[in-house]
Amino acid sequence: MGLALFIPIVLALGESVSMQALTLTLQSMADGPIVWKTMLRSLRKEFRTAPLLGIGCGVVVGLVVYAWRGQMDVVGTIMRAITAPMIIACLLGVAVPSALRVANADPRIAAGPMVLAAADVVTLLFYFGMGARLLGAA
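So the sequence shown is numbered by the working numbering: it starts at 247 and just counts up by one.
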């Protein structure tokens, strides 16, 4: 079974968590001055929740793949390839708007497309890299 079948699921998960983190970060910024304490608190919160989201989603998709195909090598690959990019996507959702704010750019305008593009690239690179390493083919 090819990994290509699961690209939409993997991309959608990465995009959804990055947009959730982005939205929460933008809400915490408001229109006041840069508050480093608030940005660091947001990053810490994402460091705590992102692994749980990644593992939870990886397990759910992995169980579906196992019930459907029964191929443990594919299950393991998909679980790993969902977990790590979701963690990175969450962190991007905090880091990109924060960096734009520090650069005196309006993060409400530019952060969305930048976060989604970065999350997609990271997700696909990690997904196919993990597939090539664990399954021997991308």
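Glycine included, C-beta positions come from ideal geometry on N, C-alpha and C.
From a predicted model like this one, the values you see are computed outputs, not experimental measurements.
Candidates the options: closest to residue i by CA position
i    : options                   : result
M265 : R294, N350, I334 and L251 : I334
E292 : M275, V368 and V263       : V263
L251 : I301, R290, W314 and V281 : W314
P331 : A276, A363 and S288       : A363
V311 : G339, I328 and L299       : I328
P343 : A349, P353 and L337       : P353
L309 : L286, R326, E261 and L338 : R326
A267 : G322, C336 and M275       : C336
Outcome for residue i when other beta-carbon atoms lying within 10 angstroms are tallied against a minimum of 16
i    : result
P254 : exposed
M318 : exposed
M376 : buried
V367 : exposed
G300 : buried
I234 : In this structure the chain extends from 247 to 384, so residue 234 is not present and cannot be described.
A384 : Its pLDDT being 42, under 50, A384 is placed unreliably in this model, and the coordinates cannot settle the point.
A365 : buried
G239 : Any question about residue 239 goes unanswered here, given that the chain covers just 247 to 384.
G339 : buried
A341 : buried
Endpoints, alpha helix (DSSP H) assigned at residue i
i    : result
V367 : P353 to L381
L270 : I253 to M275
Cβ-Cβ separation, residue j to residue i (assumed contact under 8 Å), whole Å
i    : j    : result
L272 : A357 : 7 Å
L289 : Y373 : L289 to Y373, Cβ: 24 Å. No contact.
Threshold first: 4 residues or longer. Then list the alpha helix (DSSP H) segments lying entirely within the segment 302 to 351, N to C.
318 to 348
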